[in-house]
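A short write-up of the structure that comes next.
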Amino acid sequence: MGDTTKDRILDVSLRLFARDGFEAVSTSAIAGELGMTKSALYKHFPDKRAIFDSLVDAMLEEHRAAVANAGVAIEPGKSAASAYAATSPEGMAKLGEALFRHWTADERAVAFRRMLSIERFRDKRAGRVYDEFFAGGQIAYHEAMFAEMVEIGAFEPGDTTQMALDFWSPIFLLMQATDGGMDVKKATKLVRGHVLSFGTAHVRSDDE
């Protein structure tokens, strides 16, 4: 986010929502953290819900930029599968590390993930975004990607739903472990090993 007053409101709101939850944070608390009056805050956002929605929109854009910068395909497909097939195991491990660090080491991304974790049971939009990024959406994405990898001959044939579960579950578990205090560097190293091991297990050998 930038340095405008709107950006500062979103930054502070994200920190407070991630710590206390949306319901527990008042516009007075947000304004107080910013050293402004509520009336000044309302010049930028009509209510707390508008702050929340704008915050989700801004963080979705940040996520897409992080994914693109990491070199990870936004959508599964043959072109993405072909690009992955041409990437070395070391390169794939680096992709996994980069995305994992985004969600566990980037201060705003961590706060956003924690805010979604709190609000997903109370807010439908937060629940949908959480599912897309960390639960069912990830399973569907990887299932489709691995199906493409099998189709182009880059992966051994197999149950792509099980592949998706086998791939994503340890990564998600390690994200949760960093929330519980595991060192991010240690967790990232484990993610790297997991991606390399998964590739070794499923990549089709050249002699077939």
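Numbered per our numbering, the sequence shown spans residues 288 to 495.
Beta carbons: idealized from backbone N, C-alpha and C, even for Gly.
Here Phe442 carries a strand assignment [DSSP, helix/strand/coil]. Across the structure, Gly319 and Ile296 are spaced so that their CA atoms are roughly 11 angstroms apart.
In terms of Cβ geometry, Leu461 and Ala451 do not form a close pair [threshold 9 angstroms]. Per DSSP, the beta bridge partners of Val490 are Phe442. With a cutoff of 9 angstroms on beta-carbon distance, Phe309 and Phe339 are scored as near each other. Look at the region 407-489 and you find no whole run of beta strand (DSSP E) that is 3 residues long or longer. Nearest to Lys293 by alpha-carbon distance, out of Ala316, Leu342, Ala305, is Leu342. For Val354, the uninterrupted alpha helix (DSSP H) segment begins and ends at 335-357. Cβ-Cβ separation between Ala380 and Arg491: approximately 18 angstroms, too far for a contact (criterion under 8 angstroms). In the structure shown, Val312 falls within a coil segment according to DSSP collapsed to helix, strand and coil. Within the same chain, Cβ atoms closer than 6 angstroms to the Cβ of Tyr417 are found at Leu403, Arg407, the five residues on either side in sequence being excluded. Looking from the CA of Val482, the closest CA among Glu348, Phe454, Thr465, Asp470 belongs to Phe454. Using a Cβ distance threshold of 9 angstroms, Ala398 and Arg336 do not count as a contacting pair.
Where Lys325 is concerned, the enclosing alpha helix (DSSP H) starts and stops at 325-329.
In the three-state scheme derived from DSSP, where H, G and I count as helix and E and B as strand, Phe399 is classed as helix. In the DSSP assignment, Pro376 falls within the unbroken alpha helix (DSSP H) covering 376-392. If the five residues before and after Ala352 are omitted, its C-beta is found closer than 7 angstroms to no C-beta atom of its own chain. Annotation: the continuous alpha helix (DSSP H) that includes Asp307 extends over 292-307. Secondary structure of Ala318 (DSSP, three-state): helix. Of all alpha-carbon atoms in Asp307, His489, Gly467, the one lying nearest the alpha-carbon of Thr391 is that of Gly467.
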